[in-house]
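K.L.:
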Ligand code: NAD
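Numbering (the working numbering), first residue to last: 458 to 948.
(1) Name the two residues that bound the continuous alpha helix (DSSP H) containing residue 889.
(2) Check for me: the beta strand (DSSP E) holding residue 601 runs from which residue to which?
(3) Can you name, in chain order, every residue of its own chain whose Cβ lies under 7 Å from the Cβ of residue 922, other than the five neighbours on each side?
(4) At what residue ranges does the segment 513-597 contain a whole run of the beta strand (DSSP E), taking only runs of 3 or more?
(5) Quick check: the Cα distance between residue 762 and residue 703, rounded to an integer number of angstroms?
(6) Please confirm whether any heavy atom of ligand 1 lies closer than 7 Å to the CB of residue 808.
(7) Less than 7 Å between the CB of residue 494 and some heavy atom of ligand 1, yes or no?
(8) Exposed or buried, what is residue 794 when buried is set at 16 or more other beta-carbons lying within 10 Å of its beta-carbon?
(9) For the alpha helix (DSSP H) containing residue 647, name the first residue and the last one.
(10) Use the C-beta contact count for residue 603: other C-beta atoms within 10 angstroms, 16 or more gives buried, fewer gives exposed.
(11) Sort 938, 470, 491 and 948 by Cα distance to residue 720 and report the nearest one.
(12) Cβ of residue 627 versus every heavy atom of ligand 1: is any distance shorter than 7 Å?
(13) Check this for me: beta carbons of residue 538 and residue 640, under 8 Å apart or not?
(14) If you draw a straight line from the alpha carbon of residue 632 to that of residue 916, how long is it in whole angstroms?
(15) Relative to the alpha-carbon of residue 587, which residue among 542, 874, 626 and 554 has its alpha-carbon at the smallest distance?
(16) Inspect the CB distances between the segment 665-674 and the segment 516-532 and report whether three or more fall short of 8 Å.
(17) Starting from residue 681, follow the beta strand (DSSP E) in both directions and report where the run begins and ends.
(18) Of the choices 754, 750, 812 and 766, whose alpha-carbon is the least far from that of residue 792?
(19) So residue 629 and residue 616 are supposed to be a Cβ contact under 8 Å. How far apart are they, rounded?
(20) For my contact list, residue 770 and residue 729 are in at a C-beta cut-off of 8 Å; report their separation, rounded to the angstrom.
(21) Between which residues of its own chain and residue 819 is the CB-CB distance below 6 Å, once the five residues before and five after are set aside?
(22) In three-state terms, what does DSSP make of residue 672?
(23) With contact counted as at least three CB pairs below 8 Å, one residue from each stretch, are the segment 695-709 and the segment 650-660 in contact?
(24) Going by C-alpha to C-alpha distance, which of 725, 660 and 468 sits closest to residue 548?
(25) Can you tell me whether DSSP reads residue 863 as helix, strand or coil?
(26) Judging by CA-CA distance, which residue of 765, 855, 875 and 780 is the nearest neighbour of residue 982?
(27) Where in the segment 737-789 do unbroken runs of the alpha helix (DSSP H), each at least 4 residues long, occur, reported from the N-terminal end onward?
(28) Name the two residues that bound the continuous alpha helix (DSSP H) containing residue 712.
(29) Answer yes or no: do residue 726 and residue 859 have a C-beta to C-beta separation smaller than 8 Å?
(30) How far does the alpha helix (DSSP H) with residue 903 in it reach, from first residue to last?
(31) Does the beta-carbon of residue 489 have 16 or more other beta-carbons within 10 angstroms, so that it is buried, or is it exposed?
(32) By the 10 Å Cβ neighbour count, where 16 or more other Cβ atoms means buried, how is residue 514 classified, buried or exposed?
(33) Hey, how far is the Cα of residue 745 from the Cα of residue 757?
(34) Assign residue 536 to one of two classes, buried (16 or more other C-beta atoms within 10 Å of its C-beta) or exposed (fewer than that).
(35) Using the DSSP secondary-structure output, state which residues sit across from residue 727 in a beta bridge.
(36) Contact between the segment 807-814 and the segment 770-779 is defined here as three or more beta-carbon pairs at a separation below 8 Å; is this criterion met?
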């Protein structure tokens, strides 16, 4: 691993950084004695901005604005919703560099990845703009000639969404575009660690002419804000992206009020590399994909099962690629992996490493923090990792890859399916038989064979088991935001 450019000079250039505020009922609000929280640049730890927290009155105002706006937005023409979503797609492309730079300032990922996230999300706006014109009901043939039976699909109402910091633009726009496209209104609490992207989205919807109250942005203590919004009778649906434990707490709260919930939670994605695969290609692709966003990706490949005959070749090539990764300040052009988003993740990496080493694992590369300032952790490859150690059981959510050999397809499927997670999974093989066994046998919401093809707007994204419920993207994208109403009429 190369160290590209550890930050020597403090005082990162904050020119063009988002003016942090709340967005409620079409107004951008700040000051007024509201409590503020510092936003820190992960490459140096310096404070780049202050974020105002919503007061109780702010939350109540957001709830009433969203409820009031729903009464008209639910009747809006799909053409109008589509126009606004398309406009936000255009603005996202136009502003991608500026928004991307602010994402790097917030959470550290390399600038090219951050800009790429914004541009890819413009496609999400376009997809929702197209699909919202196709929210169809149906007519069911009746048993009597004078009866007409219809199925209508109607927006559920006010939604509350809670999104994390690792893809701060992507995770917010998916929820916002789905809610708005379906005719719902939404209050979103974005990530306080990385707030600029959600506000950039709000500004673009504002510029695109979204009526006041349809989208509202609030900040605060995550547990307090989510409990307050979910407990409010105004909110009819919640959507959360984040960890499994928090997702379960929020799902329980939502269930206690019989509210709809979409949960995009964590994963611990198995990668199965069969002897018959193109081993070098698999190793190259996986090294690039594994360390993207410093491994802080819910679908990051984390448990590497390599078939015995291919093991040495794969490991050698994978390590070679991993050592080429240039760790540094995300704003520097040569950096290919930035810092972890905050010191909490450093502590989590050390916990996994301590456990792995105490259980006899070997560090092939990396394994420790880099430097004294900023949250840098080296790209790490572990071998001899017991199946029951933390690195193989708890979502690493960082730059740690654990590689272990396997014998045959039945054994590897058992090991891959042994955890409660079921988000993404990967396999590399040139055998149709192995490919079929993996497609049928893996307990996962998404199975990628010989490439990484998930998370496109037109394809459904979601997990099973503890990894969540509901789908974002694909033709399923509006399902969580619509009620089904059956109407039967006799003349
Ligand atoms: P965390 O669990 O404290 O927070 C994760 C996210 O959930 C944050 O954005 C946080 O603001 C939010 N959150 C936490 N408690 C909440 C609550 N009661 N109500 C509403 N939102 C709440 O952990 P963290 O240190 O920020 O992140 C690390 C863990 O989070 C990882 O281990 C990973 O599993 C998970 N995570 C998952 C995703 C994902 O894409 N599924 C994204 C980010 C983090």
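The beta carbon of each residue, even a glycine, is placed where N, CA and C say it ideally should be. The structure presented is a predicted model; accordingly, all values stated were derived computationally and were not measured.
P.N.:
If we stick to the structure as given:
(1) In the chain shown, the residue the question calls residue 889 occupies position 432. Looking at the DSSP string, the run of the alpha helix (DSSP H) that includes residue 889 is 889-898.
(2) For the purposes of this step, residue 601 is identified with residue 144 of the chain shown, where counting begins at 1. Element bounds for residue 601: n/a, residue is neither H nor E.
(3) To locate residue 922, count along the chain shown from 1; it is residue 465. Here the set comprises 877, 878, 879 and 900.
(4) 595-597
(5) What you label residue 762 is simply residue 305 of the chain shown in a count that begins at 1. What you label residue 703 is simply residue 246 of the chain shown in a count that begins at 1. About 29 Å.
(6) Position 351 of the chain shown, counted from the first residue, corresponds to residue 808. For ligand 1, not one heavy atom lies less than 7 Å from the Cβ of residue 808.
(7) Residue 494 sits at position 37 when you count from the first residue of the chain shown. No.
(8) On the chain shown, position 337 is the one that residue 794 refers to. Answer is buried; the Cβ neighbour count reaches 16.
(9) Taking the chain shown and counting its residues from 1, one reaches residue 647 at position 190. Here residue 647 belongs to no alpha helix (DSSP H), and DSSP marks it neither H nor E.
(10) Residue mapping note: residue 603 aligns to position 146 of the chain shown, counting from 1. Burial call: exposed.
(11) Numbered from 1 along the chain shown, position 263 holds the residue referred to as residue 720. Minimum Cα distance to residue 720 is reached at 938.
(12) Reading the chain shown from its first residue, position 170 is the one you call residue 627. No, ligand 1 has no heavy atom inside 7 Å of this Cβ.
(13) On the chain shown, residue 538 is found 81 positions in, with the first residue counted as 1. On the chain shown, residue 640 is found 183 positions in, with the first residue counted as 1. Contact: yes.
(14) Position 175 of the chain shown, counting from 1, holds the residue named residue 632. Position 459 of the chain shown, counting from 1, holds the residue named residue 916. Distance between the alpha carbons of residue 632 and residue 916 is about 15 Å.
(15) The count along the chain shown starts at 1 and reaches residue 587 at position 130. Nearest of 542, 874, 626 and 554 to residue 587, Cα basis: 542.
(16) yes
(17) Residue mapping note: residue 681 aligns to position 224 of the chain shown, counting from 1. Counting along the chain, residue 681 falls outside any beta strand (DSSP E), though it belongs to the alpha helix (DSSP H) covering 679-688.
(18) Residue mapping note: residue 792 aligns to position 335 of the chain shown, counting from 1. The shortest C-alpha separation from residue 792 is found at 750.
(19) Indexing the chain shown from 1 puts residue 629 at position 172. Indexing the chain shown from 1 puts residue 616 at position 159. Their Cβ separation, rounded to whole angstroms, is 13 Å, which puts residue 629 and residue 616 out of contact at 8 Å.
(20) Within the chain shown, numbered from 1, the residue matching residue 770 stands at position 313. Within the chain shown, numbered from 1, the residue matching residue 729 stands at position 272. The Cβ separation is near 16 Å, so there is no contact.
(21) The residue labelled residue 819 in the question sits at position 362 within the chain shown. Closer than 6 Å at Cβ, skipping near neighbours: 840 and 841.
(22) For this step, residue 672 is matched to residue 215 along the chain shown. Strand, per DSSP.
(23) no
(24) Sequence index remark: in the chain shown, residue 548 carries index 91 (1-based). Residue 660 is the option with its Cα nearest to residue 548.
(25) To locate residue 863, count along the chain shown from 1; it is residue 406. Strand at residue 863.
(26) In the structure displayed, the chain extends from 458 to 948; residue 982 sits before or after that span and is not available.
(27) 768-780
(28) By one-based count along the chain shown, residue 712 stands at place 255. First-last of the alpha helix (DSSP H) with residue 712: 701-713.
(29) As a first step, residue 726 must be located in the chain shown, where it is residue number 269. As a first step, residue 859 must be located in the chain shown, where it is residue number 402. For residue 726 and residue 859, no; Cβs fall outside 8 Å.
(30) Counting from one through the chain shown, the residue named residue 903 turns up at place 446. Segment 903-906 is the beta strand (DSSP E) holding residue 903; no alpha helix (DSSP H) there.
(31) For this step, residue 489 is matched to residue 32 along the chain shown. Classification for residue 489: exposed.
(32) Position 57 of the chain shown, counted from the start, is the residue given in the question as residue 514. Flag for residue 514 reads exposed.
(33) What you label residue 745 is simply residue 288 of the chain shown in a count that begins at 1. What you label residue 757 is simply residue 300 of the chain shown in a count that begins at 1. Distance between the alpha carbons of residue 745 and residue 757 is about 11 Å.
(34) The residue you call residue 536 lines up with position 79 of the chain shown. Looking at its Cβ environment, which holds fewer than 16 other Cβ atoms inside 10 Å, residue 536 is exposed.
(35) Counted from its first residue, the chain shown places residue 727 at position 270. Note: residue 727 sits in a beta bridge opposite 760.
(36) no
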